[in-house]
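Below you'll find the structure, written out as structure tokens, and then a few comments.
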Amino acid sequence: MNALDIAAIRAEFPILAREAYGKPLVYLDNAASAQKPRAVIDAMRAAMEGSYANVHRGLHLLANETTAAFENARNTAARFLNAGAPDEIIFTSGGTDALNLVANTLGQGIGAGDEIILSVMEHHSNIVPWHFLRERKGAVIKWLDVDDDGAVDLDAYEALFSKRTKIVALTHMSNVLGAATPGRALADIAHAHGAKILLDGCQGAVHGGVDVR
Numbered sequence: 004m005n006a007l008d009i010a011a012i013r014a015e016f017p018i019l020a021r022e023a024y025g026k027p028l029v030y031l032d033n034a035a036s037a038q039k040p041r042a043v044i045d046a047m048r049a050a051m052e053g054s055y056a057n058v059h060r061g062l063h064l065l066a067n068e069t070t071a072a073f074e075n076a077r078n079t080a081a082r083f084l085n086a087g088a089p090d091e092i093i094f095t096s097g098g099t100d101a102l103n104l105v106a107n108t109l110g111q112g113i114g115a116g117d118e119i120i121l122s123v124m125e126h127h128s129n130i131v132p133w134h135f136l137r138e139r140k141g142a143v144i145k146w147l148d149v150d151d152d153g154a155v156d157l158d159a160y161e162a163l164f165s166k167r168t169k170i171v172a173l174t175h176m177s178n179v180l181g182a183a184t185p186g187r188a189l190a191d192i193a194h195a196h197g198a199k200i201l202l203d204g205c206q207g208a209v210h211g212g213v214d215v216r
């Protein structure tokens, strides 16, 4: 296994050429907002300088070019996540928007006494929407604990299910601990109990191996 060339990696990120407090900038808050490598910055600049228009809203040259690029990005995301088809991919403004979209949609079928399972290491964006749903609909939130390393006990997880369990909303990787959860096993158990599962993949997806099927 080859050692990482840290200098080469840093060189890909223009912002890391600056200093902070008299020393080369070291940025570790990527779980909140990641800095952009030159390839991303160049792609964004090329889109804005060369072909920028409303997507799916026009028939002129720039609109057609932008729409084609937009749909190509959808195809790329579908392949990366092994989605069944590109139209399974929905673009949102970010993870928080996506979580709210799912919570508000699935929440339409939730009634008083129906149960939602969350873990204690969820990002606030995967807690607050379900709290609002509890207040509006009278749903019950059940909490899955983790050990000191962020590991999930699958037996304890399955013990939380009942006939009223409708939704499971869990992180695939903690933005605080970096601990990964066994996504496939979590999904299999949820499906076996007839529940829908939302897996927050904001942190885990970039590490590869995600298969949404």
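Counted the way my numbering counts, the sequence shown spans residues 4 to 216. Positions of the beta carbon are idealized from the N, C-alpha and C atoms, including for glycine.
- Comparing alpha carbon positions, the residue from A183, D214, S36 and E15 closest to D152 is A183.
- Counting C-beta pairs closer than 8 Å gives three or more between the region 116-131 and the region 170-188, which meets the contact rule.
- Fully enclosed alpha helix (DSSP H) runs of no fewer than 4 residues are not present anywhere in the region 134-161.
- Per the DSSP secondary-structure output, S122 pairs in a beta bridge with L147.
- In terms of Cβ geometry, P132 and N178 do not form a close pair [threshold 8 Å].
- By the CB criterion at 8 Å, P185 and V155 fall inside the cutoff.
- Spatial neighbours of L19 in its own chain (CB-CB distance under 6 Å, excluding positions within 5 residues in sequence) are listed in chain order as R13 and L28.
- As computed with DSSP, V131 is found in no beta bridge at all.
- For T95, no alpha helix (DSSP H) run applies, since DSSP gives it neither H nor E.
- Fully contained in the region 7-46 are the following alpha helix (DSSP H) runs of length 4 or more, in chain order: 9-14.
- In the three-state scheme derived from DSSP, where H, G and I count as helix and E and B as strand, D214 is classed as coil.
- Counted as a single uninterrupted DSSP element, the alpha helix (DSSP H) harbouring L84 occupies residues L64 to L84.
- Relative to E138, the option among H59, A10, T70 and I113 whose CA is nearest is I113.
- Excluding the 5 residues flanking it on each side, Q38 has same chain C-beta neighbours closer than 8 Å at F16, I18, L19 and Y30, in chain order.
- Comparing alpha carbon positions, the residue from G141, V105 and S54 closest to K199 is V105.
- Sequence-distant partners of F73 (beyond 5 residues in either direction) whose C-beta falls short of 6 Å from its own C-beta, in its chain, are V58.
- In the DSSP assignment, I200 falls within the unbroken beta strand (DSSP E) covering K199 to D203.
- In summary, T79 is exposed, with fewer than 16 beta-carbon neighbours lying within 10 Å of its beta-carbon over all protein chains present.
- One thing to note: S128 has its Cβ no nearer than 8 Å to the Cβ of T108.
- Excluding sequence positions up to five before and after P89, its CB lies within less than 6 Å of the CB of R77, N78 and A81, all in the same chain and listed in chain order.
- Taking the CA atoms as reference points, G97 sits about 16 Å from I130.
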